[in-house]
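Inspection log for the structure reproduced underneath, given as structure tokens.
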Amino acid sequence: MRMNETEKELVEMVLSGRSEAFEPLVTPYRQPLLAIAYRLTRDLEEAKEVAQEALLRAYKYLGRYDTSRSFRNWLFQIAANEARDRVRKRMREAGAVEEAGRESARSKDPDSGRSSREFRSDLENCLSVLSPREREVFVLRDLEDLDIKETAGALGISSISVRVHLSSARRKIRDVIVAKYPHLQEGS
Amino acid sequence: MTCAKVKKSLPLLAGDDIPARRARRLLAHVDGCPLCRKELDEYRATLVRVKAAAREDRVEDWSDPEWKGLLARITAGKMEKRSPAPGFRPRWAMASGLAAVILLAVLTLVFRNSIFRPDGTAPAPGPEVVSVTMVSQETGLQVVWFLNKNFEWKGDK
Numbered sequence: 055m056r057m058n059e060t061e062k063e064l065v066e067m068v069l070s071g072r073s074e075a076f077e078p079l080v081t082p083y084r085q086p087l088l089a090i091a092y093r094l095t096r097d098l099e100e101a102k103e104v105a106q107e108a109l110l111r112a113y114k115y116l117g118r119y120d121t122s123r124s125f126r127n128w129l130f131q132i133a134a135n136e137a138r139d140r141v142r143k144r145m146r147e148a149g150a151v152e153e154a155g156r157e158s159a160r161s162k163d164p165d166s167g168r169s170s171r172e173f174r175s176d177l178e179n180c181l182s183v184l185s186p187r188e189r190e191v192f193v194l195r196d197l198e199d200l201d202i203k204e205t206a207g208a209l210g211i212s213s214i215s216v217r218v219h220l221s222s223a224r225r226k227i228r229d230v231i232v233a234k235y236p237h238l239q240e241g242s
Numbered sequence: 012m013t014c015a016k017v018k019k020s021l022p023l024l025a026g027d028d029i030p031a032r033r034a035r036r037l038l039a040h041v042d043g044c045p046l047c048r049k050e051l052d053e054y055r056a057t058l059v060r061v062k063a064a065a066r067e068d069r070v071e072d073w074s075d076p077e078w079k080g081l082l083a084r085i086t087a088g089k090m091e092k093r094s095p096a097p098g099f100r101p102r103w104a105m106a107s108g109l110a111a112v113i114l115l116a117v118l119t120l121v122f123r124n125s126i127f128r129p130d131g132t133a134p135a136p137g138p139e140v141v142s143v144t145m146v147s148q149e150t151g152l153q154v155v156w157f158l159n160k161n162f163e164w165k166g167d168k
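Taken in sequence, the protein lines are chains R and Y.
If you count the first sequence from 1, you need to add 54 to reach this note's numbering.
If you count the second sequence from 1, you need to add 11 to reach this note's numbering.
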């Protein structure tokens, strides 16, 4: 998705000192930005911090932004980078054992009917089998509906790399659903 | 097209992420192969369900006052100065200059004998006869070939 004229005008306005133009520039991406941050960090509070940091950087470094690129992809790329850094830092700090403990705590499945919270838990557990890069690619391509090229642009990797990771991610998710969550497969 | 080859492409085919021509070839196989058809249907069903789950699992949004406050804090901060116009890219200019210098140096080395002789005469011809010696490491036997300038064996050993 290339940048549209309105966005270009808004960027120019912000750069010329009219900071009030920043709100209409980023508001269309408010929800997807937070969703991406949440899917990558798996924590709402951290997701809000990631999205906030992405917006802050987008404003601060708007002068570096190349207007021939999609603003949305640029913003998502900043958020994905920030989320990746935080997840790595968290993993280092918490240690692999503690992280595994959190994963298993998340995967506890109550016996009663499937409320939306349990459903979310299933989705989260499906995503937890992916490597960080596979997760990024899957979230952007399949959950946020960016196309391959846009996903590549947002993650700063090649389209071939996106295809490789996407293929692997879909295979893993299908395997885990068939093995552990057949109700998702059947659509019940 | 074999099943093994098709199965590798099924995850991407399920999400329409394969170029149309290749997708047609894969689908032609899938239509006649129940096992590949089943697997493709599983991938498609998985994607549909995961997307639906993600839609149901809508992430809690900022409240409007929270959002307004956030933007007010962000826009109160400083912006970095605008980078130079897209036409001027110092890194590209430096890289191009360096590439030109390297190319010039390589050309100088390659053609110095034929172009830059100080007395302006033609470069000296190469030796008329070339010899190639092979020495056996085990026995110490030496075999010497003498070749003329066209690398034709002259028969001497």
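Glycine included, every Cβ here is placed at the ideal spot set by N, Cα and C.
Only a predicted model underlies this, so the values are computations on that prediction, with no experimental measurement involved.
7 Å Cβ cutoff, residue i in contact with chain Y
i, result
"E133 (chain R)", "Reading the sequence as shown, one finds Ala at residue 133 (chain R) and not Glu. Closer than 7 Å: no."
"A89 (chain R)", "yes"
"L262 (chain R)", "Any answer about residue 262 (chain R) is impossible in this case: the structure gives chain R only from 55 up to 242."
"I214 (chain R)", "no"
"F130 (chain R)", "no"
"Y113 (chain R)", "yes"
"S70 (chain R)", "no"
"D163 (chain R)", "Low confidence applies here, because D163 (chain R) scores a pLDDT of 45, under 50, leaving its location unreliable and the question unanswered by this model."
"D229 (chain R)", "no"
"S124 (chain R)", "no"
"S169 (chain R)", "Confidence at S169 (chain R) is low in this model, with a pLDDT of 46, below 50, so the placement of that residue should be treated as unreliable; the coordinate-derived value is given next. No - not a single Cβ of chain Y is within 7 Å of the one on S169 (chain R)."
"R73 (chain R)", "Note that residue 73 (chain R) is Ser in the sequence shown here, rather than Arg. Yes, contact with chain Y."
"L177 (chain R)", "yes"
Below-7 Å beta-carbon distance, residue i vs any chain R residue
i, result
"D27 (chain Y)", "no"
"K5 (chain Y)", "Since the displayed chain Y opens at 12 and closes at 168, residue 5 (chain Y) lies outside it and no answer follows."
"D75 (chain Y)", "no"
"D72 (chain Y)", "yes"
"T119 (chain Y)", "no"
"A64 (chain Y)", "yes"
"T57 (chain Y)", "yes"
"D68 (chain Y)", "yes"
CB contact flag (residue i, residue j, <7 Å)
i, j, result
"E61 (chain R)", "F125 (chain R)", "yes"
"A89 (chain R)", "V61 (chain Y)", "no"
"P22 (chain Y)", "R225 (chain R)", "yes"
"I132 (chain R)", "A112 (chain R)", "yes"
"T57 (chain Y)", "R228 (chain R)", "yes"
"I85 (chain Y)", "L64 (chain R)", "no"
"V155 (chain Y)", "S142 (chain Y)", "yes"
"Q85 (chain R)", "D68 (chain Y)", "no"
"T205 (chain R)", "R217 (chain R)", "no"
"L38 (chain Y)", "S20 (chain Y)", "no"
"E77 (chain R)", "L82 (chain Y)", "yes"
"I202 (chain R)", "D28 (chain Y)", "yes"
Buried or exposed (CB count within 10 angstroms, at least 16 for buried), residue i
i, result
"F192 (chain R)", "buried"
"S230 (chain R)", "According to the sequence provided, residue 230 (chain R) is Val. The question's Ser does not apply to it. Buried, because 16 or more other Cβ atoms sit within 10 Å of the Cβ of V230 (chain R)."
"T81 (chain R)", "exposed"
"P164 (chain R)", "Interpretation of P164 (chain R) is limited by its pLDDT of 42, a score under 50 that renders its predicted location unreliable; no figure is taken from the coordinates."
"S166 (chain R)", "Only weak support is given to the placement of S166 (chain R): the predicted model assigns it a pLDDT of 39, under 50, and the value that follows is read from those uncertain coordinates. With fewer than 16 other Cβ atoms within 10 Å, it is exposed."
"S242 (chain R)", "Residue placement at S242 (chain R) is flagged as unreliable, the pLDDT there being 41, under the threshold of 50; the coordinate-derived value follows with that caveat. Exposed, because fewer than 16 other Cβ atoms sit within 10 Å of the Cβ of S242 (chain R)."
"E74 (chain R)", "exposed"
"A91 (chain R)", "buried"
"G207 (chain R)", "buried"
"L209 (chain R)", "buried"
"V146 (chain Y)", "exposed"
"V112 (chain Y)", "exposed"
"D52 (chain Y)", "exposed"
"V68 (chain R)", "buried"
"L24 (chain Y)", "buried"
"L109 (chain Y)", "exposed"
"R171 (chain R)", "Note that R171 (chain R) scores 49 on pLDDT, short of 50, meaning its location in the model is unreliable; the coordinates nonetheless yield the value given after this. With fewer than 16 Cβ atoms within 10 Å of its Cβ, R171 (chain R) is classed as exposed."
"S221 (chain R)", "buried"
7 Å Cβ cut-off: residues of chain Y touching residue i
i, result
"R225 (chain R)", "P22"
Partners in chain R for residue i, counting only beta-carbon separations shorter than 7 Å
i, result
"D52 (chain Y)", "Those within 7 Å of D52 (chain Y) in chain R number zero; the least Cβ separation is about 10 Å."
"L78 (chain Y)", "The displayed chain sequence assigns Trp, not Leu, to residue 78 (chain Y). The contacting residues are R84."
"V143 (chain Y)", "Correct list: empty, because the minimum Cβ distance to chain R is about 46 Å."
Amino acids of chain Y, ordered along the chain, whose beta-carbon sits closer than 8 Å to that of residue i
i, result
"F76 (chain R)", "L82, I85, T86"
Contacts that residue i makes with chain Y (C-beta to C-beta distance below 9 Å)
i, result
"S221 (chain R)", "K19, S20, L21, P22, L23, D28"
"V232 (chain R)", "E53, T57"
Contact list for the stretch 192-211 of chain R against chain A, Cβ threshold 7 Å: Note that chain A does not occur in the displayed structure, where the protein chains are R and Y.
Between the stretch 42-55 of chain Y and the stretch 14-30 of chain Y, are three or more C-beta pairs nearer than 8 Å? A contact exists between the stretch 42-55 of chain Y and the stretch 14-30 of chain Y.
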